[in-house]
Each structure stands twice: as structure tokens, then as C-alpha cells.
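Q:
Protein chains in written order, with our numbering: chain E, 15 to 478; chain P, 15 to 478.
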């Protein structure tokens, strides 16, 4: 006589992409009488697109609700007990329970789990500068951040915005503020915008942004935010200048939000993210999984662990976690470091290693940079693009690609992402059978032109 | 004492993409005192984009000259002796010489060669129908064809165009004639437009074309072209109807132009194309190469030979031939069958095997069809697309992808083209690190959504 089947309880910490993908997938695989699913979310929303916030702030997306893929109510009707505005304050690994606090009532409670998913996301970097907490200084990580920023814009006296940081968020917020009719200054600590690119490619982004009327100040960090008599931010100060601001936006980057996990004794990596195996199970913990912006992932090109905060990975990892918890089997093999973005009509894409990553990984390399167009040169709307390709010396194996250009540039990086995943050489890439027709590509696709030039560099380097 | 180095002579037959790419690459590698290069071209132009003709006829490209990448004069200044309006009428393989005829003077001459490149291209199918040679019936293969068609349009009395054939040329010419303000009827022998797609996907093209105001008649072949009292085409006749036409455009397909090669005893395949090895050397002939629309190529997915007339392959093969003739080493590994096209704002793409190709190759398969969008659903301009994926049963290896949709659909097929080249499974594709940002993709790229569904079908089929 077998024992009656116990109803398991799955607890999820974090109600955004990774957490709710995991919960939803587990629910698809396991009925409510087999598994109870409770999800704790500190904020008021679930399953929203943080990546969409700049477009909502800029007015390209008209309503906040459009960024919400699935509300708490929708999750509840699907059998997931979502508890919003409820923060998990402790994870008791030995006891198999979490302590939560209702942010409105202050009430605390312990909830036991059979399986736990940690999907606490990332937190924006917020350097301890004088004035950083003043009204008028905004991050853009959550929907509440977006609301607060829009409130500031509605009440702003002037039209000067200073964006601190020139990564993806910085670029996208620069565009958003231009759309809102602001004069935009970007204060950037790096040598050029987009430190995820090599500086020579970042320089192209700089020049294009300048051409859009954005003031880009490189090589200088914000040291303070000055406030006015009303206590509101009025300028961003750097070592050698002061930039008047009616609104300040922080886009300096993010770090894994793993304070809770760290206090619970779960293993963290050198970037501060949770360490998991390929099934997204936290190392050394049979019944705890983690995914999304709070984990480190394997970089398939360098072989080392990285932190990459991107909704697309969070969704995939969540689904993998849910599949494994539901009794299936799935793994997340790793990333190659693909990212795309845009600032107005300039598209920016990268995948794989930069030169400095290759050096750090001990890989000798050659580079090739070419210019081409998104369509046949004679076809209207053909956009210019620059493609930089990095290949390993001698073996010719593709190491990385960066693309800067106009319409049709960014998603071409996907060809390189697949090639990196498959371990292709640039010689193999030269003859890739990519789609050709005049409205879509020159007869040699720009990626192939770059591969051809990189292959010649490999040949020259092999002789050397 | 070594013999003085002999100056070699390279003869090229055909002055378009493959021939002139071969000549140009050979010239880059071998100086004029080492190698004389003579290129014979029957027409008046060299290195032109036949793929661009529909856009010139439709008025999207304003001048014919824009389709010419390099004129005969430009080639001559680069040390290639181009002889236009000169047709090669015989290849004497044993004697190592070709006979040519000046089309203006009628003068004939023999020219010896050390190395020969055959790049005679393809000829459009022109069924022997009554009236097919009447004025007002046009192919769109050469720039002269385009000129003649534009002359007809300038003199046309009415605004009714009938396009015979619904492949790439048929679609592109339907668009061109719509742009010119014509009422367009497409007469198509197949069950649905685009026989390079599965019929279920072709049906989507049909519906979209109908929505554009194009009359698409499927399952019926043209049997005759009626002419008026002036001798000009006035209607296209099928088994059961008659379609009035002020202009008739033929887009039925092409076959390798290999009459000359066949008469010379060179090896032809079952599709009528020249047979070469991977270095593009004609099989069994040490000093003869062939490339472009006149050869058969290896299909890397099915393992069989195909005929694929596409400028992108012609250019690559020409460059490979030139490299090998110049003393280097390069190979053309084969194709996976990628093609992209559009009719107005509908994009059409395919790569790999259709269902019937898989059946013919003895491959059991599963299919998955999904609908998604080109951008995040909330981002303006997100275009709908349908992605069909075919994967091998049990192994899950990708066999083919077809995509129909609006802006941003077609070039997504490149991801599948690389995956096919690398032999990836659909499971491997689910976690591909493709570029994600709201203006460029939903958080799950449509190709990944299709891969995920195909993987589930593989799993279900594996259990069966």
C-alpha cells in the first residue's frame, strides 16, 4: 500500500519574468491538487517588461498597463497564489521556510516550502553621492520608478535632463527624454558610450548621439547632485563641470539582488549572483532554484561566469526551472552575450567577446571592421552599418561581433550569435547561406563581408 | 635553367555576377603580366543586378544604371578584357579554345585558353504557347528585358497586367505593376503562390496578395496568349478562363543555361546544371571552372544536388573560382536553400526542406507553426508573422523554416540558415542567445517560439 501522495508547496520569491515564468510552467505541468504555488512580490505588479519602461517614459508606448504581460489577478485565476507588496525578509534553508512581511500592514509570517525559486532580480547601482536621494533623481527599474519619473516630468519647470551612464539604459533614456522635448546631457564615466562595445565602436555611438543633439560627456563621473532651495535636484556635478538639470536619470548599471540569498548562506559568485547548475538549481541545494537577473550564467565563448540582466534570459530560465520542478528536464546551456539596443534611429548590437575580453581570456585574435548597407545599395532606405568582427588567431574561430548602424543593423547580430553557439570559424561564415534580395540585403550580407575580411586577417596572422 | 614563365590566358564566358567576380578575384591575385583575362558577354552589360529589375520596373529604383555594379569600361580599367555583345558559340575542350561571334559584325574567331570559367547563367522558362512571342509579352531576366518592358508600359493603352507564375519573380513583378498603377492578375499553376513554400504557408501569401487587391488564380496554367489586330498580346488564356492583359509578364522560373557546356561534353546533372567539385572546378576537367546560375550545388540539408539561381551564390562562387585560379584555395560548401522576398509589405522567407522535400529524402519529421510579432507586442510597428518549423522526428534536428509576415519577418530566417549549417537541433535552438530589446523582438523571439513548439512535437513524437 503506497502512501497517499503529499501535496507539495512551491514558493517563488519575485513576481517578474523569471519567477512567474517558473510558477506558470510548474503550474502547467502540475495540477493544483498536486502542487500549491505561492509567489511573493515586493512591488505591486507581476510579469512586467522593465525593458519597456524607457519607451513608456518617452511616450512611444502610451500606457503603463501595456507593459504588464500578466497581472496578479490573471496569475491567480491560473492557480498561482500571488502575494504582492509582500517582501520576503528571510530564507531559512535548514527549516525549509521563508519569512515575509506585508508592506502595508507590517504583518510578518513564516511560510514553509518543499521547493523554492529565488528570482529576486537586480538592483540598480546607486552610488552614495551627495544629493542622490533628492526629488528629481530617478532610476528606471520598476513600473513605480517609471510612474515617479513621469510625475517629475509633468511638474518640471525646465527642459534639461541629465542622464548619468551611457549603457543600454542610458541610451534608451536619452532617446526617451529627446522624445519628450528635453535637452539631454549624458554623463559617462567611460571613454565612449556603451562600455559593452570596444571603444572604437563606442566612438561611433558617441558621434551619432552628438549628431542627434545629445551632449555626451565621456571620461567623467558624477560626484554630486546639487539641489535647489526647494530640495529638488538642480544640477549634476562632475570633477570639472556642473550640468544644470530639471531631472536626473540614473542608468549606471545593475547588480544581482542577492542580499537575501547571501544571508541565507546560498552560494554567490564573484559578480554577486547566485550560482546554479545548468538546470538552474542552486549549487548544493536539491530543492532550491534560481533564475533571472539574480544569477550568474555561463558565457559559452569565454568559458567563465557572467552576470547578464536581460528579460529574455529570465524568461527562458524561469521556464526551465518550472519544467524541472514540474518533473520534466531542461537546461540553460549559457549565453554568448548578445545584446541589442537603439538610440533614436541608431541601432547598436554586440555578441561574444570584446577585444579586452579576449585578452582577459588569453585568446589571441584578429579584428576586421567593414562598412556596408542593410539593403542593396540601389534600394531606397538602405541604411549604413559598421560591423566589427573578432576571430581567434590561427583557428579562425569567431569570438565576437559588434554592429552599429541604422535600420536593419541590430538583429543581424543574431547570425553571429548562432555562429558563436555552434563554434563556427569565420571561414565557415563566409559562405553562410543568408537570405538575399535587394530590399533585405546587399548581395554580400554585411556579416559575410566582415567574415571575409576577418578570414583574410586570420590567414595573414597564420603566416605571421 | 628554368623555362621563362609563360603568361597564362583565362577566358570567362558570361559577364555577370559569377563570371566577373571570378575575373576580378583572379586579377587581384595575378598581375596582368602573369595572366591575361578575357571575358565574353553576349549582352551589352556586365555585373548587373538581375534581382533588382522588378524594383526598377516598378519605379522603386529610378535608373537602370543603378543596377550596374561595374560597367565593361570599369572592368577594362582593372585589366580585364571584356568583350560585350560577343557570344561564345563553341567550347572546344580538347583544343582548349572557344569560338565567339561578334553579334554586331557577325565576325567569328577562336580564342585559346589555359583556364576557362563558364558562367553562362540561367534562361527563363518560356513554354511554347501560341502567342508567347507576341509584342507585349515580357521576361525580366536581363536589363534589355527591363528596358523592353518599360517601353511597353509607356505605350500601353490600358492598365491590366497579367503575371504568369507566382514564384519570387511573379510576386516581385506583381508588386512592381501595382506600383505602376496596374490591375494585376497572377496566373499560377500551383495550389498556392510560392511553390518553394509548403502549401499551408503559400496560402497565407495568397490571402495577403488578395488583400492587396491582386487577383491570384491558382491551379491553372496559361495555355495561350491571345493577340489583337495589332499583333500585340491582349489576353492570357487558361483552361477555363481568359484574362485580359495590356501587358503579360512571364515569371515561371529559370533553368541553367548550359546548352554550350552540354555540346562541349561537359558533365550536367539532373537539373541541367554543370557539375563541379567544391572548388567549383567542373568535374573531370582540370582547367575548367563553373559557377553561378549555370551550376548545380550541394544541398547541405538533403545531401542532394539542386539548382538555385541567386546572385548571392553566384558572387560567392565567382570569388571562390577566382581565388583558386589565382593560386589560392577556397571551396563552396553548399547551400541550405535560403531565400527571401516580398510583395508590397508582405515578407516571405524560407530555408531548408519543405515537408515534401523531407519526405523525398526519407526523413520523418514533425512540424510546428506559430504566430508572433517582430517587436514586443506593446511596441509600435510590431508586425505579425507566422513561423513554420520542420524538425526531424526523434533526433530533433532542424530541417527547415518558413516565415511569412510583415516588417522584420524575412531576415529572421538567417538564424535558421546558420542553425541548419551547423546541424543544430530544435532543442538547441530554444536557448539561442538572440538579440532582445522591445523595438527589435518580443522577449521570446518568434524563431525561438517556433523552436520551442517544434521541440515539444519532437518529444511527443519520440514517445510515439
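Just so you know, even glycine gets a beta-carbon here, dropped at the ideal spot from N, CA and C.
Tell me which residues share the same chain as residue 349 of chain E and place their Cβ nearer than 8 angstroms to its Cβ, disregarding the 5 neighbours each side in the sequence.
A: Taking the first chain and counting its residues from 1, the one referred to as residue 349 of chain E is at position 335. Around residue 349 of chain E: 311, 312, 313, 314, 320, 322 and 327.
Q: Would you say residue 449 of chain P lies against chain E (beta-carbon separation less than 8 angstroms)?
A: The count along the second chain starts at 1 and reaches residue 449 of chain P at position 435. Interface residue, yes.
Q: Secondary structure at residue 124 of chain E, three-state DSSP: helix, strand or coil?
A: The residue you call residue 124 of chain E lines up with position 110 of the first chain. Reduced to three states, the DSSP call for residue 124 of chain E is strand.
Q: Going along chain E in order, which residues have a C-beta closer than 7 angstroms to the C-beta of residue 325 of chain P?
A: Here residue 325 of chain P is taken as the residue at index 311 of the second chain, counted from 1. 450 and 457, listed in chain order.
Q: For residue 315 of chain P, does the three-state DSSP call read helix, strand or coil?
A: Taking the second chain and counting its residues from 1, one reaches residue 315 of chain P at position 301. DSSP places residue 315 of chain P in coil when its eight states are reduced to three.
Q: What are the residues in the segment 49-63 of chain P lying within 8 angstroms of chain E by C-beta distance?
A: Those would be 63, in chain order.
Q: Between the Cα of residue 438 of chain E and the Cα atoms of E:459, E:456 and E:415, which residue gives the shortest distance?
A: Position 424 of the first chain, counted from the start, is the residue given in the question as residue 438 of chain E. Selected option, being the one with the closest Cα: E:415.
Q: Have a look at residue 147 of chain P and residue 43 of chain P and give me their C-alpha separation to the nearest angstrom.
A: As a first step, residue 147 of chain P must be located in the second chain, where it is residue number 133. As a first step, residue 43 of chain P must be located in the second chain, where it is residue number 29. When rounded, the distance between both Cα atoms is 45 angstroms.
Q: I'd like to know whether the C-beta atoms of residue 71 of chain P and residue 192 of chain P end up nearer to each other than 8 angstroms.
A: As a first step, residue 71 of chain P must be located in the second chain, where it is residue number 57. As a first step, residue 192 of chain P must be located in the second chain, where it is residue number 178. No.
Q: Quick one: using the 10 Å Cβ neighbour count with 16 as the cut-off for buried, is residue 15 of chain E buried or exposed?
A: Position 1 of the first chain, counted from the first residue, corresponds to residue 15 of chain E. Because residue 15 of chain E sits at a pLDDT of 48, beneath the cut-off of 50, its placement in the model cannot be relied upon, and the following sentence gives the value as read from the coordinates. Exposed, since its Cβ has fewer than 16 Cβ neighbours within 10 Å.
Q: By the 10 Å Cβ neighbour count, where 16 or more other Cβ atoms means buried, how is residue 64 of chain P classified, buried or exposed?
A: For the purposes of this step, residue 64 of chain P is identified with residue 50 of the second chain, where counting begins at 1. Residue 64 of chain P comes out buried.
Q: Quick check: is the beta carbon of residue 445 of chain E nearer than 8 angstroms to any beta carbon in chain P?
A: Walking along the first chain from the start, residue 445 of chain E turns up at place 431. Chain P contact via Cβ: present.
Q: Between residue 343 of chain E and chain P, is the shortest Cβ-Cβ distance under 8 angstroms, so that the two count as touching?
A: Within the first chain, residue 343 of chain E is the residue found at index 329, counting from 1. Answer no: the Cβ-Cβ gap between residue 343 of chain E and chain P never drops below 8 angstroms.
Q: Quick one: what's got a C-beta closer than 6 angstroms to residue 210 of chain E's C-beta in the same chain, skipping five residues either side?
A: Residue 210 of chain E sits at position 196 when you count from the first residue of the first chain. The residues are 364.
Q: Check residue 106 of chain E in the structure and name its three-state DSSP category.
A: Taking the first residue of the first chain as position 1, residue 106 of chain E is located at position 92. Note: residue 106 of chain E maps to strand in three-state DSSP.
Q: Find the nearest neighbour of residue 38 of chain E within the set E:335, E:394 and E:204, judged by alpha-carbon distance.
A: For the purposes of this step, residue 38 of chain E is taken as residue 24 along the first chain, with counting starting at 1. When each option's Cα is compared against that of residue 38 of chain E, the closest is E:335.
Q: Measure the CB-CB distance between residue 324 of chain P and residue 344 of chain P and report whether it falls below 8 angstroms.
A: Against the second chain, residue 324 of chain P aligns to sequence position 310. Against the second chain, residue 344 of chain P aligns to sequence position 330. Going by C-beta atoms, residue 324 of chain P is not nearer than 8 angstroms to residue 344 of chain P.
Q: Does any C-beta atom of chain E lie closer than 8 angstroms to the C-beta of residue 436 of chain P?
A: Taking the first residue of the second chain as position 1, residue 436 of chain P is located at position 422. Yes, residue 436 of chain P lies at the interface with chain E (some Cβ there is under 8 angstroms from its Cβ).
Q: Going along the segment 65-80 of chain E in order, which residues come within less than 7 angstroms of chain P, judged by CB to CB distance?
A: Residues passing the 7 angstroms Cβ filter: 65, 66, 69, 74, 75 and 80.
Q: Using a C-beta cutoff of 8 angstroms, does residue 15 of chain P count as contacting chain E?
A: Against the second chain, residue 15 of chain P aligns to sequence position 1. Note that residue 15 of chain P scores 49 on pLDDT, short of 50, meaning its location in the model is unreliable; the coordinates nonetheless yield the value given after this. Cβ-Cβ to chain E under 8 angstroms: no for residue 15 of chain P.
Q: Go to residue 91 of chain P, then tell me how far its alpha helix (DSSP H) extends in each direction, as first and last residue.
A: Taking the first residue of the second chain as 1, we reach residue 91 of chain P at position 77. Taken as a continuous stretch (DSSP letters only), the alpha helix (DSSP H) holding residue 91 of chain P covers 86-91.
Q: Rounded to the nearest angstrom, how far is the Cβ of residue 180 of chain P from that of residue 215 of chain P, given a contact under 8 angstroms?
A: Within the second chain, the letter at position 166 stands for residue 180 of chain P. Within the second chain, the letter at position 201 stands for residue 215 of chain P. Residue 180 of chain P to residue 215 of chain P, Cβ: 13 angstroms. No contact.
Q: Please state if the CB of residue 306 of chain E and the CB of residue 40 of chain E are separated by a distance shorter than 8 angstroms.
A: Walking along the first chain from the start, residue 40 of chain E turns up at place 26. Walking along the first chain from the start, residue 306 of chain E turns up at place 292. The answer is no: Cβ separation not under 8 angstroms.
Q: Give every residue of the same chain whose Cβ lies closer than 6 angstroms to the Cβ of residue 304 of chain P, excluding the five residues on either side of it in the sequence, and list them in chain order.
A: Within the second chain, numbered from 1, the residue matching residue 304 of chain P stands at position 290. Closer than 6 angstroms at the Cβ level, and outside the excluded window around residue 304 of chain P, lie 132, 288, 290 and 296.
Q: Between which residues of its own chain and residue 359 of chain E is the CB-CB distance below 6 angstroms, once the five residues before and five after are set aside?
A: Counting from 1 along the first chain, the entry for residue 359 of chain E is found at position 345. Same-chain partners within the cutoff: 420.
Q: Please report whether the beta-carbon of residue 424 of chain P lies at a distance below 8 angstroms from any beta-carbon of chain E.
A: Position 410 of the second chain, counted from the first residue, corresponds to residue 424 of chain P. Yes, contact with chain E.
Q: Identify whether residue 465 of chain E lies in helix, strand or coil by the three-state DSSP scheme.
A: For this step, residue 465 of chain E is matched to residue 451 along the first chain. Of the three classes helix, strand and coil, the one that applies to residue 465 of chain E here is helix, per DSSP.
Q: I need the DSSP call for residue 69 of chain P, collapsed to helix, strand or coil.
A: Taking the first residue of the second chain as position 1, residue 69 of chain P is located at position 55. Residue state, collapsed to three classes: helix.
Q: Under 9 angstroms, CB to CB, which of the residues in the segment 345-358 of chain P have a partner in chain E?
A: From the segment 345-358 of chain P, only 345, 346, 347, 348, 349, 350, 351, 352, 353, 354, 355 and 356 have a Cβ closer than 9 angstroms to chain E.
Q: With DSSP run on the structure shown, which of helix, strand or coil describes residue 152 of chain P?
A: Your numbering for residue 152 of chain P matches position 138 in the second chain. Three-state DSSP puts residue 152 of chain P in a strand.
Q: So what does DSSP say about residue 159 of chain P, is it helix, strand or coil?
A: If you number the second chain from 1, residue 159 of chain P lands on position 145. Here residue 159 of chain P sits in helix by DSSP.
Q: Looking at the structure shown, is residue 277 of chain E part of a helix, part of a strand, or coil, going by DSSP?
A: Counted from its first residue, the first chain places residue 277 of chain E at position 263. Helix at residue 277 of chain E.
Q: Around the C-beta of residue 124 of chain P, are 16 or more other C-beta atoms found within 10 angstroms, so that it is buried, or is it exposed?
A: Numbered from its first residue, the second chain carries residue 124 of chain P at position 110. Result: exposed.
Q: Using C-beta distances below 7 angstroms, list every residue in its chain close to residue 171 of chain E, excluding the 5 sequence neighbours before and after it, in chain order.
A: Here the question's residue 171 of chain E lines up with position 157 in the first chain. 260.
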